[in-house]
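Chains as they are written, first to last, in the numbering used here: chain A, 1 to 101; chain B, 102 to 324.
Report on the following structure.
Printed below as a string of structure tokens:
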């Protein structure tokens, strides 16, 4: 059997029998009813809704991280105060420069 | 024109949609007014959703005919058509009016049909059933004398539907547009959003895929 000939024959069959174009009764009425029942897209509302949805996981995550940092803090290396740590970190570069001089 | 109300729409030429927009002028004379597609679209964009209805009425036959090429069940066809019109309404702002509305709508329709094919891809393998007796007979006739197998036979119609249903979504789309609807590569490129070389590559692969399916049928039957 010549497959290419069969392919051409089947395609010719499809060409010779185009699909019907009839539309179901009152289709346009249904579409219009559907469109009028659908609220218009309000991007500001969508954004606000997305923000509200994201708020709970964000709060949960920050609480989890806070608790984790609180309970796993290494007391042996910790300095006396946060301000001291901050100052040390900020001036680390200056200290290094002084040492090289 | 003071006040008006819409009645029944009646499709006319490609650019004009005549429908009875009955308007009463200052003298109290009631007369029908014809509005072009551009006017209708402008009215929809300004918030007059009712002006969309004549467009739905005029172009739904084309949308349904296209959808019937890719879906078999009437419920699926209606779903596709509905999706096309909802998308058209929501994306109407993106219609710039440079090309006819019909071209824009057909692009939307073809892409929606392609999405439908992709979402139903899993059913493709299961869809193929054994050949029925008339299909078997038609193939026998074709094998003996290709010219004697009629193109108008129901069996041939069913067989081609079965073969097309077996193709992958891009292959089915490109075979339908290129070989059944006989569109040019450039037209297909515009309809699908694929580049011209991609259409050519997909057409080549689609033909090979179709031959492979036919070979499988022939092998199952004659070997």
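Yeah, the Cβ is synthetic: ideal placement off N, Cα and C, and Gly gets one too.
Just so it is clear, the structure is predicted and the values come from calculations on it, not from any experiment.
Applying the 10 Å Cβ sphere with the 16-neighbour rule, what's the burial state of residue 105 (chain A)?
Missing from the structure shown is residue 105 (chain A); chain A here goes from 1 to 101 and no further.
Just verifying my parser: in three-state terms, what is the DSSP assignment at residue 137 (chain B)?
strand
Short CB-CB distance (under 8 Å) between residue 207 (chain B) and chain A:
no
Quick check on residue 160 (chain B): buried or exposed, where buried means 16 or more other Cβ atoms within 10 Å of its Cβ?
buried
Taking one C-beta from the stretch 286-298 of chain B and one from the stretch 257-264 of chain B each time, how about it: are there three or more such pairs within less than 8 Å?
no
Along the stretch 155-166 of chain B, what residues have a CB closer than 7 Å to any CB found in chain A?
157, 158, 161, 162, 163, 165, 166
Give me the residue from B:183, B:163, B:316, B:189 with the minimum Cα distance to residue 146 (chain B).
B:189
Interface flag, residue 53 (chain A) vs chain B, CB-CB below 8 Å
no
Any chance the stretch 274-286 of chain B sits against the stretch 3-15 of chain A, with 3 or more Cβ pairs inside 8 Å?
yes
Residue 252 (chain B) at chain A interface by Cβ criterion, 8 Å:
yes
Go to residue 153 (chain B), then tell me how far its alpha helix (DSSP H) extends in each direction, as first and last residue.
Segment: none, residue 153 (chain B) is in no alpha helix (DSSP H) and carries neither H nor E.
Could you tell me the alpha carbon to alpha carbon distance between residue 248 (chain B) and residue 214 (chain B), rounded to whole angstroms?
34 Å
At the level of alpha carbons, what is the spacing between residue 175 (chain B) and residue 181 (chain B)?
10 Å
Hey, would you say residue 312 (chain B) sits closer than 8 Å to residue 4 (chain A), going by beta carbons?
yes
Taking 8 Å as the threshold (C-beta atoms), are residue 142 (chain B) and residue 193 (chain B) in contact?
yes
Looking at C-alpha atoms only, which residue of A:52, A:53, A:36 is the closest neighbour of residue 150 (chain B)?
A:36
Of all the residues that make up the stretch 270-281 of chain B, which are near chain A by a beta-carbon distance shorter than 7 Å?
280, 281
For the alpha helix (DSSP H) containing residue 217 (chain B), name the first residue and the last one.
202-220
Which of the three DSSP states, helix, strand or coil, is assigned to residue 94 (chain A)?
helix
Selected residue, minimal CA-CA separation from residue 299 (chain B), among B:319, B:138, B:275, B:203
B:275
Going by the beta-carbon positions, is the gap between residue 1 (chain A) and residue 154 (chain B) smaller than 8 Å?
no
Inter-stretch contact (C-beta, 8 Å, three-pair minimum) for the stretch 201-213 of chain B and the stretch 165-174 of chain B
yes
Identify the contact partners of residue 33 (chain A) in chain B, using a Cβ-Cβ distance below 9 Å as the criterion.
Residues of chain B passing the Cβ test: none, with the nearest at roughly 11 Å.
Just confirm the distance between the C-beta atoms of residue 270 (chain B) and residue 222 (chain B), as a whole number of angstroms; I'd bet it's less than 8 Å.
6 Å
For the candidate residues B:318, B:179, B:138, B:135, whose alpha-carbon lies nearest to that of residue 231 (chain B)?
B:318
Would you verify that the beta carbon of residue 235 (chain B) is, or is not, closer than 8 Å to some beta carbon of chain A?
no
Could you tell me the distance, in whole angstroms, from the CA atom of residue 255 (chain B) to the CA atom of residue 136 (chain B)?
43 Å
Could you tell me whether the Cβ atoms of residue 157 (chain B) and residue 28 (chain A) are closer together than 8 Å?
yes
Proximity to residue 23 (chain A) [Cα-Cα], best of B:162, B:148, B:265:
B:162
Say whether chain A places a C-beta atom closer than 8 Å to the C-beta of residue 305 (chain B).
no
Using a cut-off of 7 Å between C-beta atoms, extract the partners of residue 102 (chain A) located in chain B.
Absent from the model: residue 102 (chain A). The displayed extent of chain A is 1 to 101, so no value can be given.
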